[in-house]
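*Asks:* Have a look at the structure that comes next, please.
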Amino acid sequence: MLILGLLPLLLLPGPGCRAADIPEDTTAEFSVRLCKARGGDDNIIFSPLSVAVALGMVELGARGASLTEIRQAVGFSHLPTDEEFSLLQNLTGALSEDDAHYIIRLANSLFLQSGVTFNPEFLRLMRKYFRAEVETVDFSESAAVAEQINGWIRDLLSADDFSSVTRLTLVNAVYFRGSWKNQFRPENTRTFSFSKDDGSEAQTLMMYQQGDFYYGEFSDGSSEAGGVYQVLEMPYEGEDMSMLVVLPRQEVPLAALEPIIRAPLLEEWANNDLFIGKAVQKAYLEVTEEGAEGAAGSGSILFMGRVMTPEVIEPTDFDNDSM
Numbered sequence: 008m009l010i011l012g013l014l015p016l017l018l019l020p021g022p023g024c025r026a027a028d029i030p031e032d033t034t035a036e037f038s039v040r041l042c043k044a045r046g047g048d049d050n051i052i053f054s055p056l057s058v059a060v061a062l063g064m065v066e067l068g069a070r071g072a073s074l075t076e077i078r079q080a081v082g083f084s085h086l087p088t089d090e091e092f093s094l095l096q097n098l099t100g101a102l103s104e105d106d107a108h109y110i111i112r113l114a115n116s117l118f119l120q121s122g123v124t125f126n127p128e129f130l131r132l133m134r135k136y137f138r139a140e141v142e143t144v145d146f147s148e149s150a151a152v153a154e155q156i157n158g159w160i161r162d163l164l165s166a167d168d169f170s171s172v173t174r175l176t177l178v179n180a181v182y183f184r185g186s187w188k189n190q191f192r193p194e195n196t197r198t199f200s201f202s203k204d205d206g207s208e209a210q211t212l213m214m215y216q217q218g219d220f221y222y223g224e225f226s227d228g229s230s231e232a233g234g235v236y237q238v239l240e241m242p243y244e245g246e247d248m249s250m251l252v253v254l255p256r257q258e259v260p261l262a263a264l265e266p267i268i269r270a271p272l273l274e275e276w277a278n279n280d281l282f283i284g285k286a287v288q289k290a291y292l293e294v295t296e297e298g299a300e301g302a303a304g305s306g307s308i309l310f311m312g313r314v315m316t317p318e319v320i321e322p323t324d325f326d327n328d329s330m
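Residue numbers (my numbering): 8 to 330.
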């Protein structure tokens, strides 16, 4: 299973977001739980950052058992009540700052049913902590609403996702684009054989370069992943951001890495009740000779009625170029 996390940890450098702001064990554990929950043998790409911010927006209006469950899911239950909102506020602010070397953006939006009165304090805090744009729509015009929301993230939702009891929809989007510090030469990109876990081979484009990079071989003392796995760090321009590539030794299936992925490992590397009717995420990552570009969007649709287990739609899009 190939695991690609778009900005996998909440801990990101930037103005107003210090390393001590968001506990590393919290963010790493949440990322690992999301990865393991997805499971399966397919290639996956997801953004724990986007999911955490979307859940934070839902948490702002949650009460009772729902509030407790959300805080436990994200890993904020050990923090003083409401402290996580200040941390997420710092994060949102940090991701809104321009940088000369890369582009990173986090945007949030709240779509409300027109004619329905919402708690003004909830809306105020949504703007304060998440810089959320607030718009009113008529969810009975489901096709028009889906088109409007999909202007944020293409094909995130459809008209069938809304009904006459839909009251609000929360949408979160995260975007990153950076150029390699050491770019690949396009003429060196060639077709090579890629070995799959089932022993078969596929022909795919692979980039190539020689250079100095941070590289290490690690072992957790077990026989998993062949006992040793490799970690390569490829910095983007400015060197504040990097891509980490983790692989087992040659001839060891990629799926063998999954059991060793744990939170400490990630840290070591670097007025009517509403219920959530659907939670979705759409993500993509494109890696080229020049650099990488990725985006992810998450949405939560809230309906009027009793609390029930949300339907979770698995991410389906995986785009790659010259990997």
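From the three backbone atoms N, C-alpha and C, an ideal C-beta is built for every residue, glycine too.
Please identify the residue among L74, V181 and Y215 whose C-alpha is closest to the C-alpha of E194.
*Replies:* Residue numbering aside, residue 194 sits at position 187 when the sequence shown is read from its first letter. That would be Y215, whose Cα lies nearest to the Cα of E194.
*Asks:* Kindly give me the distance between the Cβ atoms of F118 and L163, rounded to whole angstroms, as I take these residues to be in contact under 8 Å.
*Replies:* Residue 118 sits at position 111 when you count from the first residue of the sequence shown. Residue 163 sits at position 156 when you count from the first residue of the sequence shown. About 12 Å separates the two Cβ atoms, so there is no contact after all.
*Asks:* Helix, strand or coil for V152 per DSSP?
*Replies:* Along the sequence shown, one-based indexing puts residue 152 at 145. Helix.
*Asks:* How long is the line joining the alpha carbons of T88 and R131, rounded to whole angstroms?
*Replies:* Residue numbering aside, residue 88 sits at position 81 when the sequence shown is read from its first letter. Residue numbering aside, residue 131 sits at position 124 when the sequence shown is read from its first letter. The straight-line gap from Cα to Cα measures roughly 18 Å.
*Asks:* In the structure shown, what three-state DSSP assignment does I160 receive?
*Replies:* Here residue 160 corresponds to residue number 153 of the sequence shown, with the count starting at 1. The answer is coil: DSSP assigns I160 none of H, G, I, E or B.
*Asks:* Have a look at Q96 and F137 and give me their C-alpha separation to the nearest angstrom.
*Replies:* Start at 1 with the first residue of the sequence shown, and residue 96 comes out as number 89. Start at 1 with the first residue of the sequence shown, and residue 137 comes out as number 130. Rounded to the nearest angstrom, the two C-alpha atoms are 6 Å apart.
*Asks:* If you draw a straight line from the C-alpha of L56 to the C-alpha of T124, how long is it?
*Replies:* Taking the first residue of the sequence shown as position 1, residue 56 is located at position 49. Taking the first residue of the sequence shown as position 1, residue 124 is located at position 117. Their Cα atoms are separated by approximately 30 Å.
*Asks:* Could you say if the segment 50-67 and the segment 176-188 meet the contact criterion of at least three C-beta pairs nearer than 8 Å?
*Replies:* Output reads yes: the segment 176-188 touches the segment 50-67.
*Asks:* Quick check on G139: does DSSP put it in helix, strand or coil?
*Replies:* Here residue 139 refers to the residue found at position 132 of the sequence shown. Correcting the residue identity first, residue 139 is Ala in this sequence and not Gly. Here A139 sits in coil by DSSP.
*Asks:* Can you tell me where the beta strand (DSSP E) holding E244 begins and where it ends?
*Replies:* Numbered from its first residue, the sequence shown carries residue 244 at position 237. It is not in any beta strand (DSSP E) - E244 carries neither H nor E in the DSSP assignment.
*Asks:* Less than 9 Å separating the beta-carbons of S186 and E224?
*Replies:* In the sequence shown, the residue the question calls residue 186 occupies position 179. In the sequence shown, the residue the question calls residue 224 occupies position 217. No, the Cβ-Cβ distance between S186 and E224 is not below 9 Å.
*Asks:* Could you give the DSSP three-state label for R131: helix, strand or coil?
*Replies:* In the sequence shown, residue 131 corresponds to position 124, counting from 1. Of the three classes helix, strand and coil, the one that applies to R131 here is helix, per DSSP.
*Asks:* Applying the criterion that 16 or more other CB atoms from any shown protein chain within 10 Å of the CB defines a buried residue, is L254 buried or exposed?
*Replies:* Working through the sequence shown from its first residue, we reach residue 254 at position 247. With fewer than 16 Cβ atoms within 10 Å of its Cβ, L254 is classed as exposed.
*Asks:* Where does P255 fall in DSSP's three states?
*Replies:* Position 248 of the sequence shown holds residue 255. Reduced to three states, the DSSP call for P255 is strand.
*Asks:* Just to confirm the assignment: which complete beta strand (DSSP E) runs, minimum length 3, are found wholly within the segment 154-211?
*Replies:* The qualifying runs are 173-186 and 197-202.
*Asks:* Look at Y236 and L212 and say whether their C-beta atoms are less than 9 Å apart.
*Replies:* For the purposes of this step, residue 236 is taken as residue 229 along the sequence shown, with counting starting at 1. For the purposes of this step, residue 212 is taken as residue 205 along the sequence shown, with counting starting at 1. Not in contact: Y236 and L212 (Cβ atoms no closer than 9 Å).
*Asks:* So, with DSSP's three-state summary, where would you put N115?
*Replies:* Stepping through the sequence shown from its first residue, residue 115 is reached at position 108. It is a strand residue.
*Asks:* DSSP state of S93, grouped into three classes?
*Replies:* Mapped onto the sequence shown, residue 93 falls at position 86. Residue state, collapsed to three classes: helix.
*Asks:* How is the beta strand (DSSP E) around E224 delimited, first residue to last?
*Replies:* Translated into positions along the sequence shown, residue 224 becomes position 217. Here the beta strand (DSSP E) through E224 covers Y221 to F225.
*Asks:* Does DSSP classify Q79 as helix, strand or coil?
*Replies:* Start at 1 with the first residue of the sequence shown, and residue 79 comes out as number 72. Helix.
*Asks:* Between the Cα of I111 and those of K203, K135 and R184, spot the shortest distance and give me the residue it belongs to.
*Replies:* As a position in the sequence shown, residue 111 is number 104, starting the count at 1. Of K203, K135 and R184, the residue nearest in Cα terms is R184.
*Asks:* By the 10 Å Cβ neighbour count, where 16 or more other Cβ atoms means buried, how is Q120 classified, buried or exposed?
*Replies:* As a position in the sequence shown, residue 120 is number 113, starting the count at 1. Label assigned to Q120: buried.
*Asks:* Nearest by alpha-carbon distance to N115: which of A107, M64 and D106 is it?
*Replies:* Along the sequence shown, read from residue 1 onward, the residue named residue 115 stands at position 108. Checked all of A107, M64 and D106; the closest Cα to N115 is M64.
*Asks:* From which residue to which residue does the alpha helix (DSSP H) around E66 run?
*Replies:* Numbered from its first residue, the sequence shown carries residue 66 at position 59. Run containing E66: P55 to L67, per the alpha helix (DSSP H) assignment.
*Asks:* So, are the CB atoms of H108 and D219 less than 9 Å apart?
*Replies:* The count along the sequence shown starts at 1 and reaches residue 108 at position 101. The count along the sequence shown starts at 1 and reaches residue 219 at position 212. No, they are not a contact pair.
*Asks:* Once the 5 residues before and after R134 are set aside, which same chain residues still bring their CB inside 8 Å of it?
*Replies:* Looking up residue 134 in the sequence shown gives position 127. Same-chain partners within the cutoff: V141.
*Asks:* Can you tell me whether DSSP reads V123 as helix, strand or coil?
*Replies:* Indexing the sequence shown from 1 puts residue 123 at position 116. Coil at V123, not helix or strand.
*Asks:* Less than 6 Å between C-beta atoms, sequence neighbours within five positions excluded: which residues of the same chain meet that for V81?
*Replies:* Along the sequence shown, read from residue 1 onward, the residue named residue 81 stands at position 74. So the qualifying residues of the chain are F37, A59 and L62.
*Asks:* Tell me whether F282 sits in a helix, a strand or coil according to DSSP, three-state version.
*Replies:* For this step, residue 282 is matched to residue 275 along the sequence shown. Reliability fails at F282, whose pLDDT of 49 lies under 50, so the model's placement of it is uncertain and the value that follows must be treated cautiously. Reduced to three states, the DSSP call for F282 is strand.
*Asks:* Which term fits E91, buried or exposed, when burial requires 16 or more other beta carbons within 10 angstroms of its beta carbon?
*Replies:* By one-based count along the sequence shown, residue 91 stands at place 84. Looking at its Cβ environment, which holds 16 or more other Cβ atoms inside 10 Å, E91 is buried.
*Asks:* Where does V235 sit, in a helix, a strand or coil, going by DSSP?
*Replies:* Indexing the sequence shown from 1 puts residue 235 at position 228. The answer is coil: DSSP assigns V235 none of H, G, I, E or B.
*Asks:* Would you kindly check if the distance between the Cβ of N189 and the Cβ of M250 is under 9 Å?
*Replies:* The count along the sequence shown starts at 1 and reaches residue 250 at position 243. The count along the sequence shown starts at 1 and reaches residue 189 at position 182. Contact: no.
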